[in-house]
Structure formats: C-alpha cells, structure tokens
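Quick notes on the structure that follows.
Numbering (this note's numbering), first residue to last: 141 to 771.
Spelled out as structure tokens, the structure:
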C-alpha cells in the first residue's frame with residue numbers, strides 16, 4: 141500500500157437474514173467512482189487519498205445507505221454494511237442484480253442459476269430440481285429419463301466436474317434421470333462454466349458446475365415439507381446463535397429427500413408396467429455455518445446420497461455417495477488479502493448384479509485440500525492458490541464380449557494456480573496459469589487460461605476466453621452407450637495402445653483446448669440478449685474398449701491391440717454457437733435459447749458422431765404470475 145493512501149474493505153449483508161449481498165454498488169464521493177461487491181458480498185476500495193469520504197451503497201430492491209469515513213495514509217478501515225431489503229421489490233433485486241453483474245468486471249463465460257430461477261420451469265412431480273433446469277441451458281444435452289447424464293458442449297459426463305460447496309460430487313443425478321441429488325430449496329447459486337473456465341478450476345476437460353448452498357436461517361426456526369407422487373422432502377433450518385448486526389452468528393440447515401416411485405407408481409401410474417419403474421433414492425444434506433462480526437466464516441457440511449434400481453428377473457443397480465467437509469474465509473486485519481480454505485472427503489460406490497452373477501462394481505474415494513488467496517489492488521485482483529487431491533479407484537467389470545476389465549489405483553494430484561485480473565478503462569483482462577501435477581502417473585500439465593471483456597457501451601459487452609485443460613479420471617462405460625445405469629470410474633489406465641493413428645501415445649492424460657467468444661446486450665434492466673460461439677479440441681480421449689476379445693498376455697501378443705487392450709484412444713472436436721434471451725419482470729419470466737452444435741469423434745479407424753451430437757436445440761420457458769402476491 142502506498143504510504144500516502146488508505147483502504148476501506150468489508151462485507152455487505154442483508155440486515156434481516158444476515159446473508160451476504162452480491163452486486164451491491166458502492167459509489168465513492170467525492171470522485172464518483174463506482175465499485176461493487178463480489179459473489180461473496182466482499183468489497184475492497186484502496187489507493188484512496190487521505191481525507192473524508194461518503195460511501196453510498198445501493199441496489200434495486202434494497203434501501204440505499206451511506207456512511208462517512210476518514211481515510212488516513214497507510215491504514216486499512218473495515219466497514220461491514222447491513223442493508224434492508226424492500227419486500228415489494230425483491231424480484232427487482234434479482235433482475236437488477238443480473239443486469240448490473242453484466243456490467244461488472246466479470247470476464248468468465250458463465251451462466252449463474254439462482255434459487256428463484258429454479259422455480260420458473262414446469263417440473264416432473266411439481267418440485268423444482270436443478271437437473272431439470274440445466275436441460276434448458278444452451279449447449280446442454282441430456283441422455284433421457286433413465287440413467288440421465290448431462291453432455292455439455294460436446295463433452296461427456298465424466299468430463300464435467302460437479303461441485304457442492306467445494307466437494308466433488310461424482311454422480312449428481314439419480315438413475316431415473318429427472319432428479320438430482322441437490323435440494324432446490326437450499327441452493328443459493330449454481331455457476332455453469334460450459335467452456336473456457338478460469339485457472340481456479342482444473343481436473344476436467346469440458347465443463348464445471350459449481351453449486352453453492354445457502355446458510356440456514358439466522359433469526360428463527362423454519363422449515364418446509366413437500367409431498368408429490370414421486371418424492372417427499374423436509375427441510376429444517378434455524379439459528380444456533382441468533383443474528384444481530386455487528387455481532388457473530390451461527391445457523392444450521394438440514395435437508396432430507398426420499399422417493400417412493402416404486403410403490404406410488406402402482407397407484408398413480410397403474411397404466412404402466414410396474415416393473416418398469418423400480419427406482420428408489422434418498423438424499424440427506426446438512427450444514428452448519430459460523431460467522432464472526434468481522435466477516436470471517438467457518439462452515440461444516442456433509443451428505444449421504446443413495447440410489448437403488450431393481451428390474452425383476454434381470455438387473456439391479458445400487459450406488460451410495462457420502463462426503464463431508466469444511467470451508468473457511470478469513471479477512472486479516474490491516475491487509476488487502478482474503479483467504480479461503482477447504483478440506484473435504486467424497487466417496488462413491490456402485491454395484492451391478494446380473495443374472496450371470498458376475499461381479500460388476502466401481503468405487504472412488506478421496507480427499508481434497510486447498511488454500512486460495514485473493515489480493516485486491518484498486519479494481520485489479522490477484523488470485524493464487526494450491527490444492528491437493530488424492531483418491532482411490534476400484535473397478536471390476538465384464539464387457540459385452542465376456543472379457544474381464546479391472547483396475548485398482550491410488551492417485552495423487554497436486555495443483556497450483558495464479559490469476560491476475562487487470563481493469564483498465566473499458567477493458568478487463570484475466571490472465572491465468574494452472575499447473576496440474578499427476579504425481580501417480582508421472583505427468584504434469586501446464587495450462588494457460590485467458591478471458592477478456594470489453595464494455596463497448598453501458599448496454600453492449602464483448603467477451604472471449606480460451607484455455608488448455610487436462611484430466612486423469614475417466615468413465616467406466618463407453619461413450620458409445622446410449623443408456624447405461626452403471627456409472628463407474630477409473631483413473632489414468634496404463635493398458636492403452638502404444639500408438640494412435642501412427643503416432644506414439646506418450647501420455648495417459650485426457651487433454652483439450654477451448655475457445656469461446658460472444659457478446660451480451662442489455663436492452664434494459666429487464667431483458668438481455670447473449671450470442672456465443674465455442675470450439676473445443678479434444679486432443680486425447682480415453683474410452684472403454686468394447687471390442688476387446690483377448691486377454692492382453694504373452695499368448696495373444698500377435699493379436700491387434702484393438703482386440704486385446706482394455707482402453708482405446710480417441711480424439712474429438714465440438715463446435716457451434718447459441719443465442720439466448722432472458723426477460724424478467726415482477727410477474728413475467730421468459731427464457732429462450734437456440735443452440736447449433738457439431739460433435740465428432742475419431743478412433744483411428746472411423747470418424748463418428750456420438751449419441752449426444754444434437755444439431756439443433758430450442759428451449760422456451762414462460763412463467764407468468766396471475767396473482768401479484770406471488771411476486
């Protein structure tokens with residue numbers, strides 16, 4: 141910090157709920173410069189000359205408030221602000237928040253789904269669910285209502301990393317495909333990075349879905365109960381220490397969801413064959429949050445998700461996913477640095493039983509540990525961090541040719557990243573670099589990331605992003621399968637062909653390059669148009685070899701590798717574009733998208749289009765509230 145300047149920083153909270161408020165505008169007077177809070181409600185204004193200032197905090201849907209501060213050289217002032225929401229304009233808060241966010245220094249090609257948006261689409265069973273909303277996003281294709289998985293802009297499901305409060309969720313969707321493991325009532329936001337994600341994320345080559353849950357109610361005990369023909373759920377939340385502005389607080393939230401489709405289908409869907417709806421699942425999620433008066437926080441959470449499918453006289457599937465973790469945020473006094481840390485464990489196990497009684501199972505269990513640092517310098521932001529990811533995979537299956545494929549592997553991955561966001565005039569550049577070290581494989585990947593935004597005017601913005609990506613994890617089923625309820629995992633297999641298309645295979649990693657560019661145009665605070673094009677080049681993909689006929693032993697060395705190796709190497713390309721339009725008022729919500737996508741794969745013999753290659757996709761959602769009280 142310049143000895144002749146000072147800084148003011150802090151968090152902005154909702155004075156009623158205690159939740160942080162993002163996208164709050166902060167105007168500095170004199171001078172008129174405008175800043176805004178980030179997704180965590182945090183702001184930092186530095187390089188202020190010594191003197192007296194007035195800070196105005198405002199956002200549609202909230203009462204504006206102002207404070208007076210005195211800046212002294214080489215000193216940091218912390219000011220946490222509590223603003224009151226205006227009930228009649230709560231919807232406007234969401235609308236304006238989206239509008240203002242588009243004008244911030246946000247360069248990432250991301251679509252943020254809010255809790256309110258989840259309620260805007262017709263849903264199966266009448267209960268909102270994240271997976272049903274994801275299907276209306278541009279570039280997203282689902283495999284259907286059985287074993288449903290998401291394919292995002294050309295990438296297969298295993299190429300997408302799904303996070304829940306920072307924990308890796310290996311299978312976020314239930315076998316029936318219409319329901320996810322997430323309870324929509326406790327989702328705060330879900331950020332979907334369909335291409336070109338930044339240096340903070342790694343270990344996947346296609347997309348990121350980052351789901352964050354809200355804290356429990358800090359003022360009173362509350363809850364909801366929901367029952368429909370397919371699912372029932374209960375959510376309970378309340379304070380452990382009640383929230384008071386300026387004091388610390390703590391809260392909890394508990395969500396339990398259970399399906400009974402196998403039983404209820406005999407009553408509500410008796411026209412269908414009862415044996416065709418043998419689906420059962422349950423989801424439990426719990427979270428405790430502790431918040432200090434200074435803005436630091438500590439959260440503890442855990443989950444248990446189960447899924448069972450039993451086709452009479454045929455096949456049965458059963459999987460279980462368990463995890464727990466902690467996250468903390470620290471804002472040290474007298475510095476410009478914010479520290480975020482996390483430690484989590486996540487496990488997933490699936491078993492399949494067939495009439496032949498041959499075992500088919502897969503499991504992955506591991507931990508994730510990391511520290512992220514953010515340093516604020518005026519409007520610029522410098523981020524860096526380190527992560528450790530260790531997991532164990534256990535896989536055992538027979539392919540369609542009755543050949544056994546198995547693997548038991550311990551894997552350690554180390555990662556470090558750095559990113560600098562530079563704001564100059566109308567241009568914002570975010571330059572990042574990530575190093576992924578796959579210690580167990582002896583491979584490493586240096587991955588540059590770049591995103592750029594240019595605000596042509598208050599209404600029009602241009603955006604672009606590019607990057608290099610890698611991953612070790614691969615799916616236990618072939619990408620050529622249309623539906624496969626056995627969703628297992630493997631890591632860095634060594635039983636690969638020695639050559640691909642005449643060239644030596646020197647790495648066990650899957651790799652890809654992304655490029656994405658587009659524009660955003662805000663007609664007004666209620667409506668926005670987005671146009672975006674993308675290109676993904678998958679330079680190496682590992683896939684299950686469905687053509688294996690022989691064991692890979694000394695006796696069969698004369699046989700072609702394609703007939704004796706457990707895995708094959710492929711390359712792929714995905715490219716296209718989409719148009720999206722969003723309109724929202726207090727009573728009317730409209731979301732419309734059109735996507736044009738081309739996806740190809742090459743396996744050294746054939747070039748083919750995978751099952752999720754959908755050329756044209758159109759989605760239109762219109763929601764209108766007849767009763768004003770609903771808004």
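Glycine is no exception: its CB is placed at the ideal position from the N, C-alpha and C atoms. Owing to the predicted nature of the structure, the values given are computational and were not obtained by experimental measurement.
Is the closest heavy atom of the ligand FAD to the C-beta of residue 722 under 7 Å?
Looking at this structure, you won't find the ligand FAD or any other ligand, since it has none at all.
Since residue 459 sits in a beta bridge, which residues does DSSP pair it with?
Here residue 459 corresponds to residue number 319 of the chain shown, with the count starting at 1. BP columns for residue 459 point to 447, 490.
Since residue 458 and residue 439 are thought to touch, with beta carbons under 8 Å apart, how far apart are those beta carbons, to the nearest angstrom?
The count along the chain shown starts at 1 and reaches residue 458 at position 318. The count along the chain shown starts at 1 and reaches residue 439 at position 299. Incorrect: roughly 31 Å between the Cβ atoms, too far for contact.
Can you name, in chain order, every residue of its own chain whose Cβ lies under 8 Å from the Cβ of residue 188, other than the five neighbours on each side?
Residue numbering aside, residue 188 sits at position 48 when the chain shown is read from its first letter. 145, 146, 147, 148, 168, 211, listed in sequence order.
Considering just the uninterrupted stretch of the alpha helix (DSSP H) at residue 272, what are its terminal residues?
For the purposes of this step, residue 272 is taken as residue 132 along the chain shown, with counting starting at 1. Run containing residue 272: 270-274, per the alpha helix (DSSP H) assignment.
Taking the alpha-carbon positions, what's the residue 418 to residue 270 distance?
Along the chain shown, one-based indexing puts residue 418 at 278. Along the chain shown, one-based indexing puts residue 270 at 130. C-alpha separation (whole angstroms): 22 Å.
Between which residues of its own chain and residue 546 is the CB-CB distance below 8 Å, once the five residues before and five after are set aside?
Against the chain shown, residue 546 aligns to sequence position 406. These residues qualify, in order along the chain: 535, 536, 537.
In whole angstroms, what is the alpha-carbon distance linking residue 782 and residue 272?
For residue 782 there is no data in the structure shown, the boundaries of the chain being 141 and 771.
Where does residue 362 land, buried or exposed, given buried means 16+ other C-beta within 10 angstroms?
Here residue 362 is taken as the residue at index 222 of the chain shown, counted from 1. With fewer than 16 Cβ atoms within 10 Å of its Cβ, residue 362 is classed as exposed.
Quick check on DSSP: helix, strand or coil for residue 671?
Translated into positions along the chain shown, residue 671 becomes position 531. Looking at residue 671 - three-state DSSP - the assignment turns out to be strand.
Any chance the region 673-690 sits against the region 709-722, with 3 or more Cβ pairs inside 8 Å?
In this structure the region 673-690 lies against the region 709-722, because at least three pairs of beta carbons, one per stretch, are closer than 8 Å.
Candidates 493, 570, 552, 566, of which the one nearest residue 558 by Cα:
Position 418 of the chain shown, counted from the start, is the residue given in the question as residue 558. Of the candidates 493, 570, 552, 566, the one whose C-alpha sits nearest the C-alpha of residue 558 is 570.
Buried or exposed: residue 741, going by 16 or more other Cβ atoms within 10 Å of its Cβ?
As a working mapping, residue 741 is identified with position 601 in the chain shown. Residue 741 comes out buried.
Simplified DSSP state of residue 164, which is helix, strand or coil:
Position 24 of the chain shown holds residue 164. It is coil, neither helix nor strand.
Do you know how far the Cα of residue 600 is from the Cα of residue 116?
The shown model of the chain, from 141 to 771, leaves out residue 116, and the question about it has no answer.
Residue from 182, 280, 435, 421 whose Cα sits closest to the Cα of residue 752
To locate residue 752, count along the chain shown from 1; it is residue 612. If you compare the alpha carbons of 182, 280, 435, 421 with that of residue 752, the shortest gap goes to 280.
Quick one: using the 10 Å Cβ neighbour count with 16 as the cut-off for buried, is residue 672 buried or exposed?
On the chain shown, position 532 is the one that residue 672 refers to. So residue 672 counts as buried.
Suppose the cutoff is 7 Å on Cβ atoms and the five residues either side in sequence are ignored; what does the same chain contact list for residue 241 look like?
Here the question's residue 241 lines up with position 101 in the chain shown. Interpretation of residue 241 is limited by its pLDDT of 41, a score under 50 that renders its predicted location unreliable; no figure is taken from the coordinates.
For residue 649, tell me which candidate among 345, 195, 216 has the shortest Cα-Cα distance.
As a working mapping, residue 649 is identified with position 509 in the chain shown. Ranking 345, 195, 216 by CA distance to the CA of residue 649 puts 345 first.
For residue 246, does the count of other Cβ atoms within 10 angstroms reach 16, so buried, or fall short, so exposed?
Sequence index remark: in the chain shown, residue 246 carries index 106 (1-based). Label assigned to residue 246: buried.
Buried or exposed, going by whether 16 or more other CB atoms sit within 10 Å of the CB of residue 350?
Numbered from 1 along the chain shown, position 210 holds the residue referred to as residue 350. By the 10 Å Cβ count, residue 350 comes out buried.
State the start and end residues of the unbroken alpha helix (DSSP H) segment that holds residue 697.
Here residue 697 refers to the residue found at position 557 of the chain shown. Taken as a continuous stretch (DSSP letters only), residue 697 belongs to no alpha helix (DSSP H), as it is neither H nor E.
From residue 238 to residue 749, what does the alpha carbon distance come to, in whole angstroms?
To locate residue 238, count along the chain shown from 1; it is residue 98. To locate residue 749, count along the chain shown from 1; it is residue 609. At residue 238, the pLDDT of 36 sits below 50, so the modelled position is not reliable; the number obtained from the coordinates is stated separately. Cα to Cα, the separation comes out at about 37 Å.
Could you pull the start and end residues of the beta strand (DSSP E) that residue 630 belongs to?
Working through the chain shown from its first residue, we reach residue 630 at position 490. Segment 629-631, the beta strand (DSSP E) holding residue 630.
Just curious, the alpha helix (DSSP H) that residue 199 is in, first and last residue?
Translated into positions along the chain shown, residue 199 becomes position 59. Careful: residue 199 lies outside any alpha helix (DSSP H) and carries neither H nor E.
Under a three-way DSSP split, which group does residue 325 fall into?
Here residue 325 corresponds to residue number 185 of the chain shown, with the count starting at 1. In the structure shown, residue 325 sits in a helix (DSSP, three-state: H, G or I).
Just to confirm my understanding: we take residue 294, look at its own chain, exclude 5 residues before and 5 after, and list those with CB closer than 6 Å. What are they?
As a working note, residue 294 is residue 154 in the chain shown. Once the five neighbours on either side are set aside, the close Cβ partners of residue 294 are 676, 714, 739.
So, are the CB atoms of residue 201 and residue 226 less than 8 Å apart?
For this step, residue 201 is matched to residue 61 along the chain shown. For this step, residue 226 is matched to residue 86 along the chain shown. Going by C-beta atoms, residue 201 is nearer than 8 Å to residue 226.
Measuring straight from C-alpha to C-alpha, what distance separates residue 553 and residue 638?
Numbered from its first residue, the chain shown carries residue 553 at position 413. Numbered from its first residue, the chain shown carries residue 638 at position 498. Spanning the alpha carbons of residue 553 and residue 638 requires a straight line of approximately 24 Å.
Could you tell me which of 542, 522, 508 sits nearest to residue 499, measuring between CA atoms?
Stepping through the chain shown from its first residue, residue 499 is reached at position 359. When only C-alpha atoms are compared, the closest one is 542.
Suppose you measure from the CA of residue 309 to the CA of residue 489; what does that come to, to the nearest Å?
Position 169 of the chain shown holds residue 309. Position 349 of the chain shown holds residue 489. Roughly 12 Å separates the two Cα atoms.
Are at least three pairs of beta-carbons, each pair with one atom in the region 458-471 and one in the region 430-449, less than 8 Å apart?
yes
Residue 154 bridges to which residues according to DSSP?
Locating residue 154 in the chain shown gives position 14, counting from the first residue. DSSP output for residue 154 lists 223 as bridge partner(s).
Under a Cβ-count criterion, where at least 16 other Cβ atoms within 10 Å of its own Cβ denotes burial, should residue 158 be classed as buried or exposed?
On the chain shown, residue 158 is found 18 positions in, with the first residue counted as 1. Buried is the call here.
Keeping to the same chain, check which residues put their C-beta closer than 6 Å to that of residue 377; ignore five residues upstream and five downstream.
Along the chain shown, read from residue 1 onward, the residue named residue 377 stands at position 237. Listed in chain order, the non-local C-beta contacts of residue 377 below 6 Å within the same chain comprise 356, 357, 362, 393, local neighbours out to five positions each way being set aside.
7 Å CB neighbourhood of residue 278 in its chain, flanking five on each side removed:
Taking the first residue of the chain shown as position 1, residue 278 is located at position 138. For residue 278, where only same-chain residues beyond five positions count, the Cβ hits under 7 Å are 718, 720, 733, 735.
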